[in-house]
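Please read the structure below before turning to the comments.
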Amino acid sequence: MGRKAGEDIGRAMLEAVCGLLTVTGATQEEIVKVVYNREFMDFEDCLQDKCAKATGCDYIVTDNIKDFVKCEVPVISPADFLNEIQ
Numbered sequence: 000m001g002r003k004a005g006e007d008i009g010r011a012m013l014e015a016v017c018g019l020l021t022v023t024g025a026t027q028e029e030i031v032k033v034v035y036n037r038e039f040m041d042f043e044d045c046l047q048d049k050c051a052k053a054t055g056c057d058y059i060v061t062d063n064i065k066d067f068v069k070c071e072v073p074v075i076s077p078a079d080f081l082n083e084i085q
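Residues 0 to 85 in numbering that gives the first Met the number 0 are what the sequence shown lists, from first letter to last.
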């Protein structure tokens with residue numbers, strides 16, 4: 000099985016699991032879109048972005064900024080966040 004086929008199966012399984020969950024700040028439709036969004040390296044990073052946007056967050060604070068390049072919500076490091084709030 001090729002990598003893409005395996006990835007597609009994984010995304011379908013993730014969609015099925017997400018049907019059992021309630022995620023604050025995201026509708027089921029939004030979650031399904033996140034599952035199939037290939038702009039993000041990780042499903043959970045994309046979901047964090049969508050939930051942060053839906054709930055009106057000013058920032059996503061993370062040490063892993065490189066995985067959030069396609070984010071709609073500004074992403075900052077913990078150190079920058081601490082500087083921002085002081």
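Note that the Cβ used here is the ideal one computed from N, Cα and C, for glycine as well.
Helix, strand or coil at residue i [DSSP, three-state]
i: V60; result: strand
i: V86; result: Given that the chain is displayed from residue 0 to residue 85, the structure contains no residue 86 and the question cannot be resolved.
i: V96; result: The displayed coordinates of the chain run from 0 to 85. Any statement about residue 96 would go beyond what the structure contains.
i: V74; result: strand
i: L19; result: coil
i: D127; result: Since the first and last residues shown for the chain are 0 and 85, residue 127 lies out of range.
i: A51; result: helix
i: Q27; result: helix
i: F39; result: coil
Residue i vs residue j beta-carbon contact at 9 Å
i: V33; j: L20; result: no
i: F80; j: Y58; result: yes
i: C56; j: T23; result: no
i: D48; j: E71; result: yes
i: D66; j: D44; result: yes
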